[in-house]
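Enquirer: Residue numbers for the sequence shown follow UniProt numbering, beginning at 1 and rising by one.
Heads up, the beta-carbon is just placed ideally off N, CA and C, and yes, glycines get one too.
It should be emphasised that the depicted structure is a prediction, and the values quoted were computed from it without experimental measurement.
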Amino acid sequence: MRYVNIKTKDNKLRSGYIINETSDFIIIKLKNGYNIGIYKEDIIDIEQKEIYDTKKEEIRNIISKNNKKISIIATGGTILSKIDYRTGGVHMLTNPEELIDLVPDLLNYTEIKNIEIPFSIASEDMLPDNWIEIGKKAVNLLKDNENNGITVLHGTDTMHYTSAALSFIIKNLNKPIALTGSQRSSDRPSSDAFFNLLSSAIYNNSDIAEVSVVMHGSSSDKFAYAHRGTKVRKMHTERRDAFQSINDLPIAKIYPLEKNMEIINNNYVKRNNNDPYLDDKIEKKVALIKVYPGSDPDIVKYYIDKNYRGIVLEGTGFGHVPTNPVKKEYSWIDNIKEGIKNNMVFVIASQTIYGRTNPFVYTNGRLLYDLGVIYSQDMTPEVSLVKLMYSLGHADNYDEVKKIFLSNIAGEINEKSHYEYFNVL
């Protein structure tokens, strides 16, 4: 890749790597990670400074002065995509070295020791088997004493499912794991890929030993948050600060341009000498069902027929489903009873996202509780789904499943709800 100084008619000098060139314009990657397009008719001089060879082995063997080594597990997503300027569409980068090539300042901070590519898919195509595959790669990398931490490149749509799964299945975590991505492809001027990747590298070199989602903390390039992997959710379709901590404070605030980090939640596991291992026993036959006015409870019968072992009901308010509607066939009670007779475990979470479920405020909550429905405390529906998969993978009888589900494994349950945990910005 060519590194150039370009002088334009307005007497401005711009320097960076050429990432695309057409007959009309040149697009360069600036040092700050942003892209800029320059019309060729406005250029009066181009000086080529050096050739930046992007061969894989050269990228992998660049060692920073600080010797801060991290590893990358690349799974796909927008962060590993770029615009095809011929068609206007977005396509996947062929390898993560191309992404690192677009963010040269990253290599001034850290060494990329290993790059693993178990698969390359959009996050909506992710399966529980993929969580396990990522976990296996991560555990192997965590055992490398020269490796300070791991960054998982992942699509944003289901990143919070994967962060929860890794939090549960990787045991004795000894180093930080960051999941990061981008809302905009890596070669767009407004891309958040560079900012998030550098923020993740800073997190990887911290004293934290938790799985976290590391993404923009505001719409501008001021700071990123490290959100605990079991207390985070994507809350916007396109904003760069789409991820928010739910019913909790983020663990840390990261300032990538200054290359420092501020702890804002002291309740975290610190880097240690544990021997990590993978506990990959999860039950895949678990469903997440959203309850709404007029929802048909007979959908439970479908999952009974499919031999599902668990259902998470995304209920209203404190955790409610219809129990006494005007038309009795819309009551969920009989279908839940039928599921329980077939050894199905029911969990209820709240579609309000924020707050805590409580079966004892209203009568219909007490009815569900008396049937044996498990209330998810302050876990989100998505975390409840992954947690029930994990719980059913480790127990067969209801009492044991309930005990595991209601135990605090990876910071997913807070004993108390705090006022300041709502809508943390």
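1. In angstroms with no decimal places, state the Cα-to-Cα distance between Ile348 and Ser212.
2. Relative to the C-alpha of Ile18, which candidate in Ile6, Lys12, Asp10 and Asn11 has its C-alpha closest?
3. Buried or exposed, going by whether 16 or more other CB atoms sit within 10 Å of the CB of Asp378?
4. Ser220: which of Pro256, Asn266 and Ile246 sits nearest, CA to CA?
5. Check the DSSP bridge columns for Phe243 and list the partner residues they point to.
6. Using the C-alpha atoms, what's the distance from Leu107 back to Asn61?
7. Among Ala165, Gly77, Asn172 and Lys136, which has the Cα closest to the Cα of Asp125?
8. Just the C-alpha distance for Lys56 and His154, rounded to the nearest angstrom, thanks.
9. Confirm, please, whether the CB-CB distance from Val345 to Leu313 is below 7 Å.
10. Going along the chain, which residues of its own chain have a beta-carbon closer than 6 Å to the beta-carbon of Gly149, five neighbours each way excluded?
11. Between the C-alpha atoms of Lys113 and Lys143, what's the straight-line distance to the nearest angstrom?
12. Under the assumption that Pro359 contacts Leu368 (Cβ atoms under 8 Å), give the Cβ distance between them as a whole number of angstroms.
13. For Lys270, collect the residues of the same chain with a Cβ closer than 8 Å to its Cβ; drop the 5 residues on either side in sequence, then sort them by chain order.
14. If we ignore side chains and look at the alpha-carbon of each, how far apart do Thr110 and Asn267 end up?
15. Taking C-beta to C-beta, are Ile340 and Gly372 nearer than 7 Å?
16. I'd like to know if the stretch 155-175 and the stretch 224-238 are in contact, where contact means that at least 3 CB-CB pairs between them fall below 8 Å.
17. By the three-class DSSP mapping on this structure, what secondary structure does Phe422 have?
18. Do Ile27 and Gly37 have their C-beta atoms closer together than 7 Å?
19. From Glu420 to Ser407, what does the alpha carbon distance come to, in whole angstroms?
20. In this structure, does DSSP put Asp53 in helix, strand or coil?
21. With 16 other CB atoms within 10 Å as the buried threshold, where does Thr237 fall?
22. So what does DSSP say about Asn140, is it helix, strand or coil?
23. Just the C-alpha distance for Lys306 and Asn260, rounded to the nearest angstrom, thanks.
Expert: Based on what the coordinates show:
1. Cα to Cα, Ile348 sits roughly 25 Å from Ser212.
2. Cα-wise, what sits closest to Ile18 is Ile6.
3. So Asp378 ends up on the buried side.
4. When each option's Cα is compared against that of Ser220, the closest is Pro256.
5. Under DSSP, Phe243 forms a beta bridge with Lys234.
6. Annotation note: pLDDT 40 at Asn61 (below 50); position unreliable, coordinate value reported separately. The straight-line gap separating the alpha-carbon atoms of Asn61 and Leu107 is approximately 10 Å.
7. If we check each option's Cα against that of Asp125, Gly77 comes out closest.
8. With a pLDDT of only 41 at Lys56, under 50, the local geometry of the prediction cannot be trusted, and the value read off the model is given with reservation. Cα to Cα, Lys56 sits roughly 21 Å from His154.
9. Not closer than 7 Å, so no.
10. Counting only Cβ-Cβ distances below 6 Å, and skipping sequence neighbours, we find Ile70, Lys175, Pro176 and Asn204.
11. Looking at the two C-alpha atoms, the distance is approximately 13 Å.
12. Indeed they touch by this definition, with Cβ atoms about 6 Å apart.
13. For Lys270, where only same-chain residues beyond five positions count, the Cβ hits under 8 Å are Asp207, Ile208 and Ala209.
14. If I take the Cα positions, the gap works out to 27 Å.
15. Closer than 7 Å, so yes.
16. Result yes; three or more Cβ-Cβ pairs closer than 8 Å.
17. Three-state DSSP puts Phe422 in coil, outside helix and strand.
18. Yes; because the gap between Cβ atoms is below 7 Å, this pair is in contact.
19. Distance between the alpha carbons of Glu420 and Ser407 is about 24 Å.
20. Below a pLDDT of 50, predicted positions are generally treated as unreliable, and Asp53, at 46, falls in that range; no measurement from the model is reported.
21. Classification of Thr237: exposed, given that the 10 Å Cβ count is below 16.
22. Look at Asn140 here: in three-state DSSP terms it is helix.
23. Linking Lys306 to Asn260 through their CA atoms gives a straight-line distance of about 51 Å.
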